[in-house]
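Undergrad:
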(Lines of atoms letter the chains of each structure in order from A; the text may use other names.)
(Lines give C-alpha, C1' and ligand atoms only; values in the text may rest on other atoms or scores of the structure.)
Protein backbone atom coordinates (compact mmCIF):
# COMPACT_ATOMS: atom_id res chain seq x y z
CA UNK A 1 0.00 0.00 0.00
CA UNK A 2 1.32 3.40 -0.94
CA UNK A 3 1.84 6.10 1.58
CA UNK A 4 -0.12 9.30 1.49
CA UNK A 5 2.96 11.26 0.42
CA UNK A 6 3.38 9.08 -2.67
CA UNK A 7 -0.28 9.49 -3.55
CA UNK A 8 -0.06 13.27 -3.18
CA UNK A 9 3.07 13.42 -5.35
CA UNK A 10 1.41 11.29 -8.05
CA UNK A 11 -1.63 13.60 -8.07
CA UNK A 12 0.64 16.66 -8.20
CA UNK A 13 2.66 15.17 -11.08
CA UNK A 14 -0.57 14.32 -12.91
CA UNK A 15 -1.66 17.97 -12.86
CA UNK A 16 1.81 19.28 -13.73
CA UNK A 17 2.03 17.00 -16.78
CA UNK A 18 -1.47 18.03 -17.82
CA UNK A 19 -0.60 21.72 -17.70
CA UNK A 20 2.64 21.14 -19.63
CA UNK A 21 0.82 19.39 -22.47
CA UNK A 22 -1.92 22.02 -22.80
CA UNK A 23 -2.03 24.23 -25.85
CA UNK A 24 -5.34 26.09 -25.69
CA UNK A 25 -5.80 25.42 -22.00
CA UNK A 26 -2.82 27.52 -20.97
CA UNK A 27 -4.11 30.47 -22.99
CA UNK A 28 -7.58 30.11 -21.50
CA UNK A 29 -6.18 29.99 -17.95
CA UNK A 30 -4.21 33.18 -18.61
CA UNK A 31 -7.38 34.88 -19.85
CA UNK A 32 -9.31 33.68 -16.78
CA UNK A 33 -6.61 34.97 -14.41
CA UNK A 34 -6.49 38.35 -16.15
CA UNK A 35 -10.28 38.66 -15.89
CA UNK A 36 -10.21 37.77 -12.20
CA UNK A 37 -7.51 40.35 -11.58
CA UNK A 38 -9.56 43.00 -13.36
CA UNK A 39 -12.72 42.11 -11.45
CA UNK A 40 -11.22 41.98 -7.97
CA UNK A 41 -8.37 44.46 -8.10
CA UNK A 42 -9.33 47.22 -10.50
CA UNK A 43 -13.14 47.36 -10.43
CA UNK A 44 -13.16 47.20 -6.63
CA UNK A 45 -11.73 50.70 -6.44
CA UNK A 46 -14.42 52.15 -8.71
CA UNK A 47 -17.57 50.41 -7.48
CA UNK A 48 -16.89 49.26 -3.92
CA UNK A 49 -15.49 52.30 -2.23
CA UNK A 50 -15.63 52.29 1.57
CA UNK A 51 -18.88 53.99 2.57
CA UNK A 52 -17.94 54.31 6.22
CA UNK A 53 -14.41 55.52 5.58
CA UNK A 54 -13.37 58.66 7.42
CA UNK A 55 -16.03 58.36 10.12
CA UNK A 56 -15.51 57.86 13.80
CA UNK A 57 -16.35 54.56 15.44
CA UNK A 58 -19.56 55.82 17.07
CA UNK A 59 -20.84 57.24 13.77
CA UNK A 60 -20.18 53.92 12.07
CA UNK A 61 -22.07 52.07 14.79
CA UNK A 62 -25.08 54.37 14.51
CA UNK A 63 -25.29 54.07 10.73
CA UNK A 64 -24.99 50.28 10.80
CA UNK A 65 -27.63 50.05 13.53
CA UNK A 66 -30.04 52.23 11.51
CA UNK A 67 -29.49 50.15 8.37
CA UNK A 68 -30.12 46.92 10.26
CA UNK A 69 -33.30 48.24 11.89
CA UNK A 70 -34.71 49.44 8.56
CA UNK A 71 -34.34 45.99 7.03
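Numbering (full-length UniProt numbering), first residue to last: 1 to 71.
Note that the Cβ used here is the ideal one computed from N, Cα and C, for glycine as well.
Since the model is a prediction, treat every value here as computed from it, not as a measurement.
CA-CA distance, residue 19 and residue 33?
TA: Rounded to the nearest angstrom, the two C-alpha atoms are 15 angstroms apart.
Undergrad: Which same chain residues end up closer than 8 angstroms to residue 17 when comparing Cβ atoms and leaving out the 5 residues on each side of it in sequence?
TA: Within the same chain, residue 17 has no close Cβ partners at all.
Undergrad: Taking the CB atoms as reference points, tell me whether residue 38 and residue 52 lie closer together than 8 angstroms.
TA: Not closer than 8 angstroms, so no.
Undergrad: For residue 3, does the three-state DSSP call read helix, strand or coil?
TA: Coil at residue 3, not helix or strand.
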